[in-house]
Amino acid sequence: MNPQAHPPTPLAVSAPSLMLFDGVDIVLTTGVTLTTLDLQRNQIGNFKAQRLADALRNNTTLTTLDVSGNGMGDVGAQHLSDALRNNKTLTTLNFGSNQIRNVGVQHLTDALRDNMTLTTLSLWKNEIGVVGAQHLGDVLRNNKTLTTLNLGKNQIGHVGAQYLVDALTNNKISRTII
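Every letter in the sequence shown is one number past the one before it in my numbering, and letter 170, counting from 1, is 175.
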């Protein structure tokens, strides 16, 4: 397929159904030039998160993925984190409003130690506490690519915020933390 003949276009899936999700699997694994995939509020849950992660592992075109509002929790975060370790093209991940707690953040930060392409990560409106902020701080000390992190509407408090400040003091990469 000639990429100039079919320029990349975003795909937004707005109806939560397994059949539509099968189509997303096919699109991600067949070499279609898809750069942006918006799956927000599609009731993905854990099972579909595993399928999405399997498709993302070998995808070489997707740069932006929005899976916000899907109730994936820590297990879904683990599945997508496993895919992030191998993915070399994803730069923006919106994982907001997914009931992710400290354990899910630990999976994500483990993946961020290996991932060198993600620049923007939104974890807005999850259930992240001080321990999750500590995990993020640990990875921010050495990660050179993540420049924007949205942690709004979580429960990191002053202690969690201090972990992030300490990490940013040690890493001089310019960053935006919301």
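For glycine and all other residues, C-beta sits at the position ideal for the given N, C-alpha and C.
Starting from T181, follow its DSSP beta bridges and name the residues at the other end.
T153
DSSP beta-bridge partners of N99
D71 and S127
So for L42, helix, strand or coil by DSSP?
strand
Same chain, Cβ closer than 6 Å to N107, five either side skipped, listed in chain order:
G134, V136 and G137
Using only alpha-carbon positions, find the residue among A88, G157 and Q104 that is nearest to Q127.
It should be noted that the sequence gives Ser, not Gln, for residue 127. Out of A88, G157 and Q104, G157 has the C-alpha closest to the C-alpha of S127.
What is the rounded straight-line gap between the Cα of L151 and the Cα of T181?
9 Å
Name the two residues that bound the continuous alpha helix (DSSP H) containing T114.
Segment N107 to D119, the alpha helix (DSSP H) holding T114.
How would you label H84, buried or exposed, when you count the other beta carbons within 10 angstroms and need 16 or more for buried?
buried
Following the continuous alpha helix (DSSP H) through R56, name the residue where it begins and the one where it ends.
G50 to R62
Might you give, ordered along the chain, the residues of its own chain that have their beta carbon closer than 6 Å to the beta carbon of G74, omitting 5 neighbours on each side?
Q45, R46 and S102
Which residue from D87, G109, T94 and N51 puts its Cα closest to that of E132?
G109
Leaving aside the five residues before and after N175 along the sequence, list all residues of the same chain whose C-beta is less than 8 Å from its C-beta, in chain order.
R146
Presumed contact (8 Å Cβ cut-off) between G76 and Q48, rounded CB distance:
7 Å
Alpha carbon to alpha carbon, how far is K93 from L123?
It is roughly 9 Å from the alpha-carbon of K93 to the alpha-carbon of L123.
Three-way DSSP call (helix, strand, coil) for Q167 in this model:
helix
Under 8 Å by Cβ, that's how I've got T114 and V144 pegged, so tell me the actual separation to the nearest angstrom.
Confirmed, about 4 Å.
Based on Cα-Cα distance, which residue from A166, Q111 and T97 lies nearest to L79?
Correcting the residue type first, residue 79 is Asp in the shown sequence and not Leu. Of A166, Q111 and T97, the residue nearest in Cα terms is Q111.
Are there 16 or more other CB atoms within 10 angstroms of the CB of L169, so buried, or fewer, so exposed?
Residue burial is scored here from C-beta neighbours: L169 has at least 16 other C-beta atoms within 10 angstroms and is therefore classed as buried.
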